[in-house]
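*Asks:* Chains as they are written, first to last, in our numbering: chain P, 30 to 142; chain X, 93 to 203.
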Amino acid sequence: GAGVSQSPRYKVAKRGQDVALRCDPISGHVSLFWYQQALGQGPEFLTYFQNEAQLDKSGLPSDRFFAERPEGSVSTLKIQRTQQEDSAVYLCASSLMAHETQYFGPGTRLLVL
Amino acid sequence: QKEVEQNSGPLSVPEGAIASLNCTYSDRGSQSFFWYRQYSGKSPELIMSIYSNGDKEDGRFTAQLNKASQYVSLLIRDSQPSDSATYLCAVASRAGNQFYFGTGTSLTVIP
Chain P
30 GAGVSQSPRY KVAKRGQDVA LRCDPISGHV SLFWYQQALG QGPEFLTYFQ NEAQLDKSGL
90 PSDRFFAERP EGSVSTLKIQ RTQQEDSAVY LCASSLMAHE TQYFGPGTRL LVL
Chain X
93 QKEVEQNSGP LSVPEGAIAS LNCTYSDRGS QSFFWYRQYS GKSPELIMSI YSNGDKEDGR
153 FTAQLNKASQ YVSLLIRDSQ PSDSATYLCA VASRAGNQFY FGTGTSLTVI P
């Protein structure tokens, strides 16, 4: 079946703009995770959803970052008033249940100028 | 101290040799452990998952877990140039609501 998809694949934003990144998880996957990956680093946890409930948002770096998954499927990560330090690859992953293998989408590469 | 530590490398091995990748973690309550491979510019893809102490083999790959020592390793036998990538160790938190990734070990297999 289809894997995890993300859009857009690339996004260039001017500093101060708002951006929205979309994730379509694998159908039936309960758990959905967002990560931020800087160049040369491993993915850093941002937030976790179980169905529509955001159970952990401890990794969101500031209150400019907001994520939602209103119907327990598609999720959107929104970054308000983007800053240059927000430039990174944003990865979405889904799994059938917590603790289980996560399957990653292709990522959205965000560049803030 | 980071939750998951890996040697960043780079690690170079000749084609056909065994590559050994190591990872330590800090949360004694962790129950799920994963090795992912990431090619440059691509997203991580799963190689192995391991949940119990001991060895788990899948083709040329063997994962080893020692919970007492809080240590996970990955052995790649008969290394191929196509194995050249960054290998990420991932550990699920006790509640499963977070995955902690190491910084990755860069592996180059020399033909």
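Every residue gets a Cβ at the ideal spot worked out from N, C-alpha and C, and that includes glycine.
1. Could you tell me the distance, in whole angstroms, from the CA atom of residue 130 of chain P to the CA atom of residue 110 of chain P?
2. Quick check on the burial criterion: 16 or more other C-beta atoms within 10 angstroms. Buried or exposed for residue 170 of chain X?
3. Check this for me: beta carbons of residue 131 of chain X and residue 138 of chain X, under 8 Å apart or not?
4. Which ranges would you report for the alpha helix (DSSP H) in the region 57–99 of chain P if only whole runs of at least 4 residues count?
5. Specify the secondary structure class of residue 113 of chain P as computed by DSSP and reduced to three states.
6. Does the beta-carbon of residue 190 of chain X have 16 or more other beta-carbons within 10 angstroms, so that it is buried, or is it exposed?
7. Is the shortest distance between the beta-carbon of residue 163 of chain X and the beta-carbons of chain P less than 8 Å?
8. Residue 65 of chain P CB to nearest chain X CB: under 8 Å?
9. According to the neighbour-count rule (16 or more other Cβ atoms, all chains shown, within 10 Å of its Cβ), is residue 69 of chain P buried or exposed?
*Replies:* Reading from the atomic positions:
1. 33 Å
2. exposed
3. no
4. none
5. helix
6. buried
7. no
8. no
9. exposed
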